[in-house]
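As structure tokens, the structure follows; a few thoughts come after it.
In our numbering, the protein residues as written are -18 to 109.
Take a look at the structure:
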């Protein structure tokens, strides 16, 4: 019974990762990490520069994580209905969508952090 499920198309990376992304997004939104020393949260060099950056990073990462999860779950279900077995293309689509979603979350969050990062005094002189 369990092995039949594991080998079915309904057992795919997009569905499982989508559920995790949605759960992670709602968890971080509901219980945001208090400091960069917390055991969970979005962590990068830019996010840990100040408490304001830490809060903004986790807010944006939680928002994008929920959106990516909402996209991944239907993608996984569509692949499960479209493919009869776990072929190479099935894996490319399901795993590729998870990797693309994770890369988008990191890229978007880092881009948003660069938008709110205060300019350093050296940046002003470089533009002259």
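We put the CB at the ideal spot given by N, CA and C, even for glycine.
Keep in mind that this is a model prediction, so the values were computed, not measured.
**Asked** Do you know offhand how far residue -13's Cα is from residue 31's?
**Response** Here residue -13 corresponds to residue number 6 of the chain shown, with the count starting at 1. Here residue 31 corresponds to residue number 50 of the chain shown, with the count starting at 1. So the alpha carbons of these two residues sit roughly 44 Å apart.
**Item:** Straight-line gap, residue 54 to residue 98 (C-alpha atoms, nearest Å)
**Value:** Working through the chain shown from its first residue, we reach residue 54 at position 73. Working through the chain shown from its first residue, we reach residue 98 at position 117. Each residue's alpha carbon lies about 33 Å from the other.
**Asked** How many Å lie between residue 95 and residue 69 at the Cα?
**Response** Here residue 95 is taken as the residue at index 114 of the chain shown, counted from 1. Here residue 69 is taken as the residue at index 88 of the chain shown, counted from 1. Those two C-alpha atoms are separated by around 38 Å.
**Message:** Just to confirm the assignment, what range does the alpha helix (DSSP H) spanning residue -7 have?
**Reply:** Locating residue -7 in the chain shown gives position 12, where the first residue counts as 1. Where residue -7 is concerned, there is no enclosing alpha helix (DSSP H), given that its DSSP letter is neither H nor E.
**Request:** Could you pull out every residue in the same chain whose Cβ sits closer than 6 Å to the Cβ of residue 65, ignoring the five residues on either side in sequence?
**Result:** Taking the first residue of the chain shown as 1, we reach residue 65 at position 84. None.
**Residue from -16, 89 and 72 whose Cα sits closest to the Cα of residue 39** = Within the chain shown, numbered from 1, the residue matching residue 39 stands at position 58. The candidate whose alpha carbon is nearest that of residue 39 is 89.
**Request:** Measure the C-alpha to C-alpha separation of residue -11 and residue 67 and round it to an integer number of angstroms.
**Result:** The residue you call residue -11 lines up with position 8 of the chain shown. The residue you call residue 67 lines up with position 86 of the chain shown. Their Cα atoms are separated by approximately 7 Å.
**Prompt:** Would you call the CB atoms of residue 50 and residue 2 closer than 8 Å?
**Reply:** Sequence index remark: in the chain shown, residue 50 carries index 69 (1-based). Sequence index remark: in the chain shown, residue 2 carries index 21 (1-based). Yes. Within cutoff.
**Request:** Between the Cα of residue 34 and those of 82, 14 and 52, spot the shortest distance and give me the residue it belongs to.
**Result:** Along the chain shown, read from residue 1 onward, the residue named residue 34 stands at position 53. Answer by Cα proximity: 14.
**Request:** Please classify residue 59: is it buried, with 16 or more other beta-carbons within 10 angstroms of its beta-carbon, or exposed?
**Result:** As a working note, residue 59 is residue 78 in the chain shown. Answer is exposed; the Cβ neighbour count stays below 16.
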